[in-house]
Structure formats: C-alpha cells, structure tokens
Amino acid sequence: GQNIDQPTEMTATEGAIVQINCTYQTSGFNGLFWYQQHAGEAPTFLSYNVLDGLEEKGRFSSFLSRSKGYSYLLLKELQMKDSASYLCAVKAGGSYIPTFGRGTSLIVHP
Amino acid sequence: NAGVMQNPRHLVRRRGQEARLRCSPMKGHSHVYWYRQLPEEGLKFMVYLQKENIIDESGMPKERFSAEFPKEGPSILRIQQVVRGDSAAYFCASSSTELETQYFGPGTRLLVL
Chain A
1 GQNIDQPTEM TATEGAIVQI NCTYQTSGFN GLFWYQQHAG EAPTFLSYNV
51 LDGLEEKGRF SSFLSRSKGY SYLLLKELQM KDSASYLCAV KAGGSYIPTF
101 GRGTSLIVHP
Chain B
1001 NAGVMQNPRH LVRRRGQEAR LRCSPMKGHS HVYWYRQLPE EGLKFMVYLQ
1051 KENIIDESGM PKERFSAEFP KEGPSILRIQ QVVRGDSAAY FCASSSTELE
1101 TQYFGPGTRL LVL
C-alpha cells in the first residue's frame, strides 16, 4: 500500500507565501499530483510532477524529490480565494489510480 | 462547457432505497473513475471504467454497489438498499487515457435518512 502524509491545517496571511508539504512511502513511483478543492466543490488540477525539481505555474509551484519521497506546493502572493483544501495524490506500483492524501486545509486571513 | 458533468448534485434517500448517480465525462475522454469522499477524509477510489468495461473495481464494496459505463450515455454508479453510512460526496473523474491527468466533476452529495 501507499502512505501519504500532509499537515491537516495551515494558516497564512494574505500576500504571504506558504509551503504545503507532502511525504509519501511507496514502491514504483509513477507521478505526484496536487489538486485544489474549495469546500463543497470538485477538486481542480494544479500540477503534476514525475521528475525531480521545481515546476512553476504562475503563483503556484510544485517541487518533487523522488529519493526523499517528498513534494511541496508553494503558493505565492496569497489571496483570500486561495483558502481551500490542497490534496496530494501519488501514482505508484504500476497502478493508473492515484492514491490521495487527506488534504491540507489552508486558511488565508487578512 | 466541456467539463465533467454529474447529476444530481444533491440526492436524498431513505434507508433501503436505491441511489443512481450519473457522470458524463469530459468530451473526448473515455476513461471514468468514481471516488467517495467522507468529511475530513481524502478521496477514496472506488472503480475505474472504460466504455463497456470495468477495468478496476478494487475499491468498490462487493455488495450493494455496482457501476457501468455503456456504449452510449453516462456512467452510472448504483447503490442498492442504501444505509446511513453511504452518506458521502461521490466524485467522478475522467481522463483521455489511463496515463493522463484526471479531471473531476462537481460531485453528487448523497444523504441517507
């Protein structure tokens, strides 16, 4: 099986930078996803990392280290609308199905 | 809007009734996945289907639950004789191939009274 860990909750200030970590233990790593989910809504795709390094996409960046089983999602210039749950998901073991972590609830306050 | 469509968005059933949840994948997508999400928990995989085939149903309970994706029409997740523990948000996702990113629908919130 796979074990995916993320902090349950984080708070940050509008305009600041926040880093949400995700660690995983798995065999046959095949890629890592980050999704954003606002309360009562569908998860929306943010990023996909399969190789080590940083992928930047506007205010959001995602980093992966396969040797450490570690990823983070970096959110810059935080806005109130960034308050949401951020889901880390890992594909591994030859499966096409990603396993999701419990999600990190981010609260952005003024 | 060519996104993943799900209906109904909210469904209320009494214990023992049947629930039918529908999912129309994004245009051009032939791979459909169903997930269940309980409050404060992560998305749990239930079943993966392609047109007319169930590829992986390892996450779906053996009893009362079934899924199909017919040649024509939406994918259906069917829950027979619902119990209170079935109350959850059920999300459908689709992808163009098994290797590509999954895109999620808005979900169906099932409440069993």
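Those sequence lines, one after another, are chains A and B.
If you're matching positions, the first sequence starts at 1 in the numbering used here and goes up one per residue.
If you're matching positions, the second sequence starts at 1001 in the numbering used here and goes up one per residue.
Ideal Cβ placement from N, Cα and C applies to all residues, glycine included.
Is there a Cβ of chain E sitting closer than 8 Å to that of residue i, yes or no?
i	result
P43/A	The structure shown has no chain E; the protein chains it does contain are A and B.
Comparing the C-beta of residue i with each C-beta of chain A, is any distance below 8 Å?
i	result
E1098/B	yes
F1045/B	yes
F1069/B	no
T1101/B	yes
G1107/B	yes
E1041/B	yes
Y1090/B	no
D1086/B	no
In chain order, what residues of the same chain lie with their CB nearer than 6 Å to the CB of residue i, ignoring the 5 residues before and after it?
i	result
L1043/B	Y1035 and Q1037
D1056/B	Y1048
R1109/B	H1010 and A1089
Suppose you measure from the CA of residue i to the CA of residue j; what does that come to, to the nearest Å?
i	j	result
S1087/B	Q37/A	19 Å
S1030/B	P110/A	43 Å
S67/A	P1070/B	42 Å
L78/A	Y24/A	26 Å
P1106/B	R1009/B	7 Å
G40/A	L51/A	32 Å
D61/A	L32/A	Reading off the sequence shown, one finds Ser at residue 61/A, where the question assumed Asp. Their Cα atoms are separated by approximately 13 Å.
K76/A	I97/A	30 Å
P1074/B	A16/A	43 Å
E1041/B	R1015/B	23 Å
S47/A	R1022/B	27 Å
S83/A	V1032/B	29 Å
M80/A	M10/A	14 Å
L1099/B	E14/A	36 Å
S1024/B	M1005/B	5 Å
G101/A	Q6/A	7 Å
V1012/B	E56/A	42 Å
A12/A	L1111/B	34 Å
P1039/B	K1051/B	31 Å
With 8 Å as the threshold, decide whether the Cβ of residue i is near any Cβ in chain B.
i	result
F100/A	yes
Y96/A	yes
L32/A	no
G103/A	yes
L75/A	no
L87/A	yes
Y48/A	yes
Under 7 Å Cβ to Cβ from residue i, same chain only, skipping five residues before and after it: list those, please.
i	result
R1020/B	I1076 and R1078
E99/A	For clarity, residue 99/A is Thr in the given sequence; the question names Glu instead. Same-chain partners within the cutoff: Q2, I4, A89 and V90.
Y86/A	I20, W34, Q36, L73, G103, T104 and L106
G1059/B	K1044, F1045, M1046 and V1047
G1028/B	S1096
A92/A	Q2, T26, S27, G28, F29 and N30
Q1017/B	V1082
T1101/B	S1095
I1054/B	V1047 and A1067
For residue i, which residues of its own chain have a beta-carbon under 8 Å away from its beta-carbon, when the five flanking residues on both sides are left out?
i	result
G1003/B	M1026, Y1103 and G1105
S65/A	D52 and S71
Are the stretch 1076-1085 of chain B and the stretch 1057-1068 of chain B touching by the rule of at least three beta carbon pairs closer than 8 Å?
Under the 8 Å Cβ criterion, the stretch 1076-1085 of chain B counts as touching the stretch 1057-1068 of chain B, having at least three qualifying pairs.
Output the residue ranges of the alpha helix (DSSP H) runs that lie fully inside the stretch 1049-1110 of chain B and measure 4 residues or longer, sorted by chain position.
Counting whole runs of 4 or more residues, the stretch 1049-1110 of chain B contains no alpha helix (DSSP H) stretch at all.
Length-filtered (3 minimum) beta strand (DSSP E) runs lying within the stretch 4-83 of chain A:
The qualifying runs are 9-13, 18-25, 29-37, 44-49, 53-57, 60-65 and 70-75.
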